[in-house]
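Accompanying notes for the structure given below.
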Ligand SMILES: Nc1ncnc2c1ncn2[C@@H]1O[C@H](COP(=O)(O)OP(=O)(O)O)[C@@H](O)[C@H]1O
Ligand SMILES: [Mg+2]
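In my numbering, the protein residues as written are 137 to 297.
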């Protein structure tokens with residue numbers, strides 16, 4: 137599988153996490169799904185907020201969806217679904233939330249994607265955040281669109297450690 141990705145990205149500061157969010161947003165297309173995993177405080181919402189705000193024309197507030205489970209936004213070219221599934225207890229609830237449809241009709245940013253069970257799209261880009269020195273390390277994995285995988289490998293190569 138030529139677009140299978142396994143790429144480490146070093147993010148020394150919170151601004152670097154935001155820069156990765158902006159970068160992904162600029163390349164996102166309808167149907168893309170970003171799975172954001174890692175412990176509480178790892179930077180998942182920080183990434184998602186930067187991603188969303190860079191595509192909205194206003195300074196719209198981007199709250200963590202930890203209580204609402206899903207927040208949606210209208211970006212110029214697609215709808216964005218930002219979900220935090222921490223509180224889900226059963227994968228069936230994913231269907232009730234309408235997430236399955238959103239995988240094909242929107243761009244999805246999913247925190248705590250392990251709650252999806254086997255329900256994540258095959259082409260999702262998985263970004264696993266972990267603490268690293270004072271900053272974070274992100275492991276980018278999956279088999280996303282070829283252009284996205286290639287660009288990520290090339291343009292974030294300098295950040296790999
Ligand atoms: N690369 C980084 N280096 C240092 N701090 C970071 C980095 N990325 C994000 N943070 C900080 O981590 C904190 C928690 O982030 P948050 O996105 O709320 O976590 P999560 O959604 O994973 O629980 C934020 O205060 C953010 O500024
Ligand atoms: Mg969060």
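Even glycine gets a Cβ: it sits at the ideal position worked out from N, Cα and C.
> Nearest-angstrom Cα distance between residue 143 and residue 200?
Replying inline: One C-alpha to the other measures close to 27 Å.
> So, helix, strand or coil for residue 240, using DSSP?
Replying inline: Three-state result, residue 240: helix.
> In its own chain, which residues sit with a C-beta less than 7 Å from the C-beta of residue 149, not counting the 5 before and 5 after it?
Replying inline: Excluding sequence neighbours, residue 149 sits near 271.
>> According to DSSP, is residue 226 part of a helix, a strand, or is it coil?
In response: DSSP places residue 226 in coil when its eight states are reduced to three.
>> Is it buried or exposed, residue 185, if we count other Cβ atoms within 10 angstroms and call 16 or more buried?
In response: Its Cβ being crowded by 16 or more others within 10 Å, residue 185 is buried.
>> If I follow the unbroken beta strand (DSSP E) through residue 276, where does it start and stop?
In response: Segment 271-278, the beta strand (DSSP E) holding residue 276.
> Per DSSP, which one or two residues make a beta bridge with residue 145?
Replying inline: BP columns for residue 145 point to 274.
>> If contacts are defined as beta-carbon pairs under 8 Å, then residue 188 and residue 218 qualify, I think. What distance do you get, rounded to the angstrom?
In response: About 6 Å; that satisfies the 8 Å criterion.
> Mind checking residue 226: buried by the 16 CB within 10 Å criterion, or exposed?
Replying inline: Residue environment for residue 226: exposed (fewer than 16 other C-beta atoms within 10 angstroms of its C-beta).
>> Excluding the 5 residues flanking residue 191 on each side, which residues of the same chain have their C-beta closer than 6 Å to its C-beta?
In response: The answer, listed in chain order, is 161 and 211.
>> Within 10 Å of its beta-carbon, does residue 283 have 16 or more other beta-carbons around it, so buried, or fewer, so exposed?
In response: Its Cβ having fewer than 16 others within 10 Å, residue 283 is exposed.
>> With a threshold of 8 Å on Cβ separation, who are the neighbours of residue 269 within its own chain once the five nearest residues in sequence on each side are excluded?
In response: If we look at residue 269 and ignore the five residues flanking it on each side, its Cβ neighbours are 148.
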